[in-house]
Amino acid sequence: MILSTGGFSANVAMRQKYDSKLDADIKTTANPQGRYFEGATGDGHTLAFALGAQSVAMENIVLLPYWGGRLLDYAGGEIYVDTLGQRFIDETGPTQEIARAVGQLPDRSFWVITDSQTVKGANFGTKLAMGGIHKSDSVSEMALAMGIAPSQLQKTLDRFNQFVKAGNDDDFGRKILGMPIAKPPFYWGKETLLVHGTLGGVKTDTRSQVLKTDQSVIAGLYAAGEIVGGVWGHDRLGGTALMAGIVQGREAGRNAAAFAQK
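One point on numbering: in my numbering, the residue at position 98 of the sequence shown is 1386, and numbering is uninterrupted.
Pasting the structure below:
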């Protein structure tokens, strides 16, 4: 048997066993509005653990703070503000650092702001048409729509633009400052913290055989893909999970077939 059932990002109870903060209010990138069926419920994990499989790295869960209001595909042309209109992070930092910071915000969400000078991503038109991104002709108009005091948001933008001019971010040490965010219209949208994937699962050997806690093999049981834990550390590079699934899948298939022929 080969287990290749994916992760447990949609299993709230299993998530919270390893990170109590990941409650039902935090959706997944596969279903950010919580409207659809999700298959990543950890069923394969449950089956394997019931057979005595060893778990590894279950606490390593990938969070994403980008799935809604961000328009750019590069760092440097936007700022992030909380619900009070204040910056809270170096916007060009690693995704997981930003995700952790968002997790500390009161409602685990933030606003992304850019202006007319930046080069927008390919989904700009779609996001604008669907209402996920908003357009404002002034800072005051934007702030009021966000529920933020206009004076506070203007203060935040002015301070950031001063940092751009000086070439130094005194608040968060951001190195890629890009250009001032000052030319209307302004484009802005909300981002919330989402679970993107899980890196924990069963332990396997180089033949993709599932191992017990005493390191012995569970005869005839193989695993491949996101159900396998310990391949990554606390995070992984985007797209690399596909290669892991292919490599492990081929190995699991080859050895499972050989086992069946014995």
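Each residue gets a CB set at the ideal place from its N, CA and C atoms; glycine is no exception.
Remember, it's a predicted structure, so these values are computed and weren't measured experimentally.
Per DSSP, the beta-bridge partners of N1319 are T1316. DSSP places S1426 in no beta strand (DSSP E); its state is neither H nor E. In the pairwise beta carbon analysis, the segment 1500-1518 is classified as not touching the segment 1349-1361: fewer than three pairs are separated by under 8 Å.
Membership of G1537 in the alpha helix (DSSP H) is indicated by the continuous run T1528 to Q1549. Q1549 counts as exposed, since fewer than 16 other beta carbons sit within 10 angstroms of its beta carbon. For the pair E1479 and F1376, the CB atoms are not nearer than the 8 Å cut-off.
Fewer than three pairs of CB atoms, one per stretch, sit closer than 8 Å, so the segment 1481-1492 makes no contact with the segment 1431-1440. Counting only runs of 3+ residues, the beta strand (DSSP E) found wholly inside the segment 1433-1484 occupies 1474-1480, in chain order. Taking a contact to require three or more Cβ pairs closer than 8 Å, the segment 1325-1337 and the segment 1299-1316 qualify as touching. Excluding the 5 residues flanking it on each side, P1468 has same chain C-beta neighbours closer than 6 Å at N1449 and V1452, in chain order.
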